[in-house]
Structures are given as structure tokens and as C-alpha cells.
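For reference, the structure is listed below as C-alpha cells.
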Amino acid sequence: MSYGVPAGSPSQEAPVCPRHPDRISYVRCQRCGRPACPECQRQAAVGIQCVDCVAEQARNTPRTTTAFGGAATSGRPVVTLVLIGACVLLFLLQMAVPGLTAALQYAPLYTAGFAGTIDAEPWRMFTAAFLHSPNFLLHIAFNMYALWILGQSLEPALGRARFLALYLLSALGGSVGVLLLSNPFQPVVGASGAVFGLFGALFVIQKKRGGDVRQILILIAVNGVLGFVVPGIAWQAHLGGLLTGAAVAAVLAYVPRGRMRPALQWSGVGAVTAVLAVLTFLGSVLITV
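All the letters of the sequence shown, read from the start, carry residue numbers 1361 to 1649 under our numbering.
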């Protein structure tokens, strides 16, 4: 004897996934109760949720930020490690590829070209910050050690994007210092300008936090004096990077909290960039006059 559905009784339709109507699923989302096929299922803290509920929850969850508005991250300082890796890689290439240093180093004359004999190559204002003297191992060793120490403190505090902007603008500021204050024919290489920018930023951040800044001032003073005493060190890059880093950090640290904080911070960073661009233009005009 078989037992079927009694005559006149309504049959139950199999539940299907809303996103994939051709797929039957008896697993339902713990939040909305809709069926979810294996492709649309997401493991939640309690049970299974559908992909739509997970996406909605992510949109409504406030973003965790650092004290200075950047996206909070955990683990190693990724940007710092990438910057160190780029500098080390280029240092090895400098020793292996003849002419690489000459092709990427910066001298003020490269900013806008000179007398029809030197082409304008303003990108060297950045590339020079990733090069180091191939004949002086301590040059890259000191800069990378300082970048590692400072990056471990500043990158988690500012967030990756803001820290990267700080570093690159400090590097540019160092080149602007060389442009305005150095011999136009003197080539320079090194991350010292960017590193000094991190020193300046750390001073501003510590000051904002109410911390003791005396040790930072001593480090800045000692390294600043070395730039004047030891031959071959571009103190102009140190000064330009220091001032730029402090300016960028001041923008990031002292903008009032609120919904407009990120927009105001990036607008301030843009303003610092604009000032550097104007100084670069004026410096290049003075050279070519």
C-alpha cells in the first residue's frame, strides 16, 4: 500500500535561492530567513547567513579608524616593509646595472631642463629618494633602519594611505630643498629627506598626544648637525623633508574630528602638495633664468 498526497491537498513547492532560482536549497539565512544555495551561504558567528545580509551588515558596521582618522590595521607595517624592499632592491640593481644611478638620481637642473642640453625629468625628484650611494653601505643601512623604527610607530597611528602620502611628500620636500638651496649641478640620492620627514611627523604626533618630545628633538638636532659636519651629506634635503613631514603631520593631527575629517585631511595634504609644486616651479625658473 502506498501513501500519496491526498486528493485536493495543496502541494508544497521546493524552496529556491532568490539569487539563483534554479537551485533548490533547504538551508535558510539566520537573519532574513530566505533560502540560500551553497554559493550564497556565508558562515556567521551563529549559523549561516546569505551573501546579501552579510553585505548589508558590512555597510552598516562603523569603520574602525586610528586616532588620526586612517583605517585601522593589524599586523606588520606593510607600507614600511614595501618601501624598505623597494630601496633595497634598487640598491642591488644599482650595483648590478651600470648607469642606473645616473639615470634616476636628482640634480636641480633636471627639474625643468637646462639650456637645451639637459632634458626636463622632474620625476627624478621622487626616484632619487629610492637610491643610495653604491659605495657606502652605511648610507642605506642607516636610512632603512630609521625608516623601520619610525614606520613601526607612524604607520599604525596614521593608517597606511596617510603614512604613504607622508613619506612620498617628505621625499618630494627633500628634493625641493635641494632645488632651492643646493648647487644646481650637484646630484643627490638617498631616502634621508623622506626619513627626516618622518622625524618631523613623529615630533608633531607626539606633541599632539601630549608625549615627551625631547628625545625626538635630540635625534633631529644630532642628525641635523651631522648634515653640516660630514661632507657629502645633503642637509638641504634633510631640511626640506623635515619641514614637509611636519606640515603633513600637522594637517593630519590637528584637523578637528567629525564626519568631514577625512575630506579636510586630504584637502590639507593636497594644499601641501600644491605648495611644493609652486616652490618647484619657482626654483626651476630661477635656475633657467
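All C-beta atoms, glycine included, are put in the ideal place defined by N, C-alpha and C. Bear in mind that the values here come from a model prediction, so they are computed numbers and not experimental data.
Opposing strand residues paired with Cys1410 [DSSP bridges]: Beta-bridge pairing links Cys1410 to Gln1401.
Under 8 Å between C-beta atoms of Met1485 and Ser1542: Contact: no.
Minimum C-alpha distance to Ala1657 - residue among Pro1395, Arg1391 and Gln1390: Absent from the structure is residue 1657, since the part of the chain shown begins at 1361 and ends at 1649.
Beta-carbon spacing of Cys1413, Met1504 below 8 Å: No, the Cβ-Cβ distance between Cys1413 and Met1504 is not below 8 Å.
Paired residues, beta bridge with Tyr1466 - DSSP: For Tyr1466, which the question treats as bridged, DSSP gives the partners Val1548.
Backbone secondary structure at Val1611 - three-state DSSP: Val1611 falls in the helix class under three-state DSSP.
Alpha carbon of Lys1567 to alpha carbon of Ile1444, nearest angstrom: One Cα belongs to Lys1567, the other to Ile1444, and the distance between them is close to 27 Å.
Span of the alpha helix (DSSP H), counted from its first residue to its last, around Pro1516: Leu1497 to Leu1518 is the span of the alpha helix (DSSP H), which, as asked, contains Pro1516.
Rounded C-alpha distance that separates Ser1644 from Ala1501: If I take the Cα positions, the gap works out to 32 Å.
Simplified DSSP assignment, three categories, for Pro1458: Looking at Pro1458 - three-state DSSP - the assignment turns out to be coil, as it is neither helix nor strand.
Assigned secondary structure, Ile1384 (DSSP; H/G/I helix, E/B strand, else coil): In the structure shown, Ile1384 sits in a strand (DSSP, three-state: E or B).
Distance between Cys1389 and Leu1636 (C-alpha atoms, nearest Å): Rounded to whole angstroms, Leu1636 to Cys1389 spans 54 Å at the Cα level.
Own chain partners of Pro1547 with C-beta closer than 7 Å, once the 5 adjacent residues on each side are dropped: Cβ neighbours of Pro1547 beyond the five flanking positions: Gln1465, Tyr1466 and Ala1467.
Check whether Ala1623 and Leu1526 have beta carbons under 8 Å apart: It is not a contact, given that the beta carbons lie outside the stated cut-off.
Terminal residues of the alpha helix (DSSP H) in which Gly1487 lies: A small fix is needed here, since residue 1487 is Thr in this sequence, not Gly. Start and end: Arg1484 to Thr1487.
Burial state of Arg1574 (16 or more Cβ within 10 Å): When all chains shown are included, Arg1574 counts as exposed.
Coil, strand or helix - Pro1622 by DSSP: In the structure shown, the three-state DSSP call for Pro1622 is helix.
Helix, strand or coil at Phe1428 according to DSSP, with G and I counted as helix: Note: Phe1428 maps to coil in three-state DSSP.
Inter-residue Cα distance where the pair is Ala1521 and Gly1628: Cα-Cα distance, rounded: 14 Å.
DSSP state of Pro1378 mapped onto helix, strand, coil: It is coil, neither helix nor strand.
Separation of Ala1404 from Cys1392, as counted between CA atoms: C-alpha separation (whole angstroms): 13 Å.
Residues near Arg1383 in its chain [Cβ-Cβ closer than 7 Å; skip 5 each side]: Sequence-distant partners of Arg1383 (beyond 5 residues in either direction) whose C-beta falls short of 7 Å from its own C-beta, in its chain, are Val1376, Cys1377 and Cys1397.
Beta carbon of Gly1601 nearer than 8 Å to that of Gly1557: Between Gly1601 and Gly1557, the gap from beta carbon to beta carbon is short of 8 Å.
Same chain only: Cβ atoms within 7 Å of Gln1596, ignoring 5 sequence neighbours per side: Result list for Gln1596: Gly1537, Val1538, Leu1541 and Ser1542, in chain order.
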